[in-house]
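Note sheet for the following structure.
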Amino acid sequence: MSIISDNNDFKSEKSLHKGNKNPVIKPETIEADKNFENSIRPKSFDAYIGQTALKETLKITIEAAKKREQPLDHLLFYGPPGLGKTTLAGVIAEQMGVNIKITSAPALERPRDIIGILMSLKGGEILFIDEIHRLNKVAEEILYPAMEDFYLDMTTGKSQTVKTLRIPLPKFTLIGATTKAGELSGPLRDRFGIIHRLEFYTEDELAQVIKRTAGILNIEITEEGAHAIARRSRGTPRIANRLIKRVSDFALVKHDGKITEDVANESLDILKIDTFGLDTTDRCLLRLIIEKYDGGPVGVETIAAAIGEDVRTIEDVCEPYLLQAGLLQRTPRGRKVSPAAYRHLGIIDMDINDQKSLF
Ligand SMILES: Nc1ncnc2c1ncn2[C@@H]1O[C@H](COP(=O)(O)OP(=O)(O)O)[C@@H](O)[C@H]1O
Ligand SMILES: [Mg+2]
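Here the sequence shown is numbered in the numbering used here, starting from 140 and rising by one per residue.
Laid out in structure tokens, this is it:
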């Protein structure tokens with residue numbers, strides 16, 4: 140297949156990608172974001188934008204639990220990073236009027252880590268475990284009876300004198316969050332009463348997120364300016380919030396501080412975030428498949444090696460949005476790009492053109 144590209148090619152995109160490790164559009168949290176994120180995190184269902192169906196279901200579950208004066212069932216949220224899983228756990232705690240303890244699976248490496256946190260819980264409290272698919276086997280096994288029947292089995296002594304102590308725990312609610320529901324072990328998944336997937340946000344919803352954040356940060360923004368940022372935020376509130384800060388800096392330095400559509404577009408162009416919200420990594424990935432593998436299918440390991448990213452970043456961070464945007468397809472034999480990706484990158488597939496000229 141021959142290919143005509145109007146501007147870039149894989150090589151130049153790859154060098155851009157390598158030189159541009161700009162995390163502005165990566166949906167994972169970066170350390171510098173933490174305080175900023177906490178300051179703008181919605182605390183109530185009213186402030187939590189979008190995910191309407193999920194919110195409605197949760198409100199009913201919460202009401203019912205309150206009426207029964209019982210803690211909530213254990214909940215599992217899954218979906219790509221930055222869509223509001225941690226935020227939602229906080230909103231639920233607020234709504235239930237209970238305390239939330241936040242931890243993540245990599246912090247629960249030794250048995251005593253998980254035992255310690257379970258024993259510190261008070262009745263009705265919420266335990267939030269982020270990245271729960273990364274929990275090790277021992278921690279999982281400690282968690283099973285704790286989740287199911289609210290007790291801990293502890294062994295003391297050595298060989299012949301070994302004794303098992305059964306320690307009761309107060310009734311608590313576990314909220315787990317993961318970007319990879321498929322990697323959760325079956326027994327752990329089965330112990331969650333409620334499992335929900337978070338969806339990417341629409342442009343309108345992201346524009347609302349952006350206006351809300353602008354309000355909190357005292358940033359002046361027009362409706363069109365909010366939409367311009369929303370369009371390039373990959374359906375992800377974390378990215379929307381990060382972009383508004385960057386655009387606001389640009390507006391302040393280069394203009395009068397107000398974010399209009401033109402100001403937003405100009406500054407996002409400079410950040411090399413295109414009209415689909417793709418950054419150089421995404422474009423590099425698509426171009427690789429088109430130019431080196433005839434559009435695919437090609438295995439994810441091959442893609443990762445060629446663009447110098449790890450498989451996990453590609454699967455968890457790049458792909459979910461490319462799939463949702465209809466630019467990439469997953470097939471049993473690997474990844475394929477869709478015709479929309481050719482159009483978006485301004486690449487003309489000569490085979491298609493040749494065929495057309497035959498008629
Ligand atoms: N529904 C929402 N409405 C408004 N802001 C949101 C919403 N969901 C997420 N955010 C914002 O996006 C950021 C990332 O959300 P977070 O809950 O940390 O995502 P996740 O845990 O899924 O990676 C937070 O700072 C939060 O303020
Ligand atoms: Mg989170």
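For every residue, glycine included, the Cβ atom is placed at its ideal position computed from N, Cα and C. Note that the coordinates shown come from a computational prediction; the quantities given were computed from them, not determined experimentally.
Residue from the options with nearest C-alpha to residue i
i    : options                : result
H272 : A320, M235, D252       : A320
G229 : T196, I265, L215       : I265
I253 : E270, L282, I241       : L282
I358 : E338, L382, H335       : L382
G236 : N177, P307, Q209       : Q209
E342 : G325, A367, L327       : A367
T361 : R328, L323, T352, E400 : E400
I306 : L257, N177, G374       : L257
T414 : A403, L424, T470       : A403
S178 : T419, L193, K198, T352 : T352
V439 : Q463, E338, L467, T419 : L467
T226 : E195, G255, E176, T200 : E176
A186 : R482, Q347, G465       : Q347
H450 : L424, A369, A464, T470 : The residue asked about is misnamed: residue 450 is Val in this sequence, not His. If we check each option's Cα against that of V450, L424 comes out closest.
T196 : G465, R469, I334       : I334
I241 : N174, G315, R207       : G315
Counted within 10 angstroms of its Cβ, other Cβ atoms place residue i as buried (16 or more) or exposed
i    : result
K276 : exposed
V476 : buried
P459 : buried
Q190 : buried
R377 : buried
A479 : exposed
D421 : buried
H156 : buried
E202 : exposed
E344 : buried
R408 : Checking the displayed sequence, the identity of residue 408 turns out to be Asp instead of Arg. By the neighbour-count rule (16 or more Cβ atoms within 10 Å), D408 is not buried but exposed.
K393 : exposed
R336 : exposed
K153 : buried
K495 : With a pLDDT of 44 at K495, under the threshold of 50, the modelled position of that residue is not reliable, and no figure is offered here.
A192 : exposed
S133 : Within the shown structure, residues of the chain are numbered from 140 to 498, placing residue 133 beyond reach of any answer.
K224 : buried
G416 : buried
G218 : buried
L497 : Residue placement at L497 is poorly supported in this model, since its pLDDT is 38, which falls under 50; the coordinates still yield a value, given next. The residue in question, L497, is exposed, as its Cβ has fewer than 16 Cβ neighbours within 10 Å.
Supposed close pair residue i, residue j - CB separation, criterion 8 Å
i    : j    : result
A379 : S387 : With 8 Å as the limit, A379 and S387 do not qualify as a contact, their Cβ atoms being about 12 Å apart.
A365 : I355 : Not confirmed; about 14 Å, so no contact.
A390 : K384 : Not really, about 11 Å apart at Cβ, beyond 8 Å.
A204 : L215 : Incorrect: roughly 16 Å between the Cβ atoms, too far for contact.
D269 : S243 : 4 Å
F267 : Q234 : So it is not a contact: roughly 14 Å between Cβ atoms.
I221 : P181 : First, the amino acid is wrong: residue 221 is Gly here, not Ile. G221 to P181, Cβ: 14 Å. No contact.
F149 : K431 : 7 Å
Own chain, CB closer than 7 Å to residue i, minus 5 neighbours either side, in chain order
i    : result
H213 : M286, T312, L313, R330, F331, G332
D493 : Note on D493: pLDDT 47, under 50, position unreliable in the model; the coordinate value appears next. Around D493: no qualifying Cβ.
A246 : D252
G434 : I428, K475, V476
R472 : P436
E198 : Reading the sequence as shown, one finds Lys at residue 198 and not Glu. These residues qualify, in order along the chain: F184.
R482 : none
L461 : D421, L467
A443 : D449, V450, I453
Other residues of its chain near residue i: CB distance less than 8 Å, five sequence neighbours each side excluded
i    : result
P309 : L260, K261, G262, G263, E264, F289
P326 : E279, Y283
Residues of its chain near residue i, where Cβ-Cβ distance is below 6 Å and the 5 sequence neighbours each way are ignored
i    : result
V301 : T294
T303 : D292, T294
A232 : I239, I265
D455 : T318
G445 : With the sequence shown as reference, residue 445 is identified as Ala, and Gly is not the correct amino acid for it. So the qualifying residues of the chain are L427.
### Task
Please list, following the chain, all residues that have a C-beta closer than 6 Å to any non-hydrogen atom of ligand 2.
Those residues having their beta-carbon less than 6 Å away from any non-hydrogen atom of ligand 2 are, in chain order, K224, T225, D269, A316.
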